[in-house]
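**Q** Please see the structure below; I have some questions.
Structure representation (structure tokens):
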């Protein structure tokens with residue numbers, strides 16, 4: 087982050103000292119991209135049978151092909167809030183493109199859903215969002231080294247103390263490419279065509295693709311809670327558009 091050849095200056099004030107220590111993730115040598123996939127399973131109508139079957143299938147996918155399995159996996163369950171209780175999210179991270187591509191090929195949520203008995207399909211919804219990020223376009227910020235979720239769990243990743251926190255613009259400063267890029271929005275972004283209004287999305291397969299320079303934000307606390315956000319903002323994001331797929 088300290089680059090003598092910066093084109094755009096840091097936002098950090100002179101002589102700034104953060105009130106609380108912070109650390110960022112330093113990835114292993116040779117890693118230039120990380121590959122992220124979020125998988126969601128949601129129970130419908132208060133029935134568990136579809137969720138149970140899909141959960142077991144995803145766990146088998148994770149366990150069967152160890153050569154292409156994610157380098158790091160986290161599991162989360164909705165226990166409270168404005169969503170369906172007991173919904174599940176798998177956060178999967180790869181550091182090798184070939185393993186990511188091969189692993190994703192083995193995960194076919196549409197086929198998994200279609201193989202369910204017709205009477206079971208209405209009881210479960212499946213969701214997958216995946217994207218590729220250059221490490222030069224990532225920023226991480228940890229409040230300690232005892233609990234390191236997310237990308238810090240990739241093999242060979244270390245934590246480094248830093249002073250890029252507790253001021254306006256700190257998150258931007260933590261992105262290495264901010265030295266040379268303003269992450270401007272595409273001049274003429276093409277909005278995704280919105281189909282005619284649907285009375286319900288149940289039983290339908292929906293797909294979408296992110297704009298360039300979209301921000302994927304994950305915040306986490308050591309309370310078995312994790313929050314995932316997707317903002318159509320302009321100052322960070324993946325170099326490759328993300329793909330979202332939802333089968334309800």
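Numbering (the numbering used here), first residue to last: 87 to 334.
We put the CB at the ideal spot given by N, CA and C, even for glycine.
No experiment lies behind these values; they were computed from the predicted model shown.
Measuring alpha carbon to alpha carbon, tell me which of 230, 93 and 254 ends up nearest residue 111.
**A** Of the listed residues, the one whose Cα sits closest to residue 111 is 230.
**Q** Which residue comes first and which comes last in the alpha helix (DSSP H) that contains residue 249?
**A** Note, residue 249: premise wrong, no alpha helix (DSSP H); not H, not E.
**Q** Let's test the definition: count the other Cβ atoms within 10 Å of the Cβ of residue 146 and tell me whether it reaches 16, buried, or not, exposed.
**A** Result: exposed.
**Q** What's the C-alpha gap between residue 218 and residue 303?
**A** Cα to Cα, residue 218 sits roughly 14 Å from residue 303.
**Q** Got a sec, what are the start and stop residues for the beta strand (DSSP E) residue 219 sits in?
**A** From DSSP, the beta strand (DSSP E) with residue 219 extends over 210-220.
**Q** Just to confirm the assignment: which complete beta strand (DSSP E) runs, minimum length 3, are found wholly within the region 121-204?
**A** Runs found: 158-163 and 174-180.
**Q** Whose C-alpha, out of 133, 132, 103 and 156, is nearest the C-alpha of residue 240?
**A** It is 156 whose Cα lies nearest to the Cα of residue 240.
**Q** Could you tell me if residue 212 is buried or exposed, where buried requires 16 or more neighbouring beta carbons within 10 angstroms of its beta carbon?
**A** Classification for residue 212: buried.
**Q** Given a cut-off of 8 Å on the beta-carbon distance, is the pair residue 250 and residue 238 in contact?
**A** Contact: no.
**Q** Compare the Cα-Cα distances from residue 158 to each of 165, 171 and 182 and report the closest residue.
**A** Per the Cα distances, 182.
**Q** In the DSSP assignment, find the unbroken alpha helix (DSSP H) run with residue 111 in it and report its ends.
**A** No alpha helix (DSSP H) holds residue 111; the beta strand (DSSP E) holding it covers 108-112.
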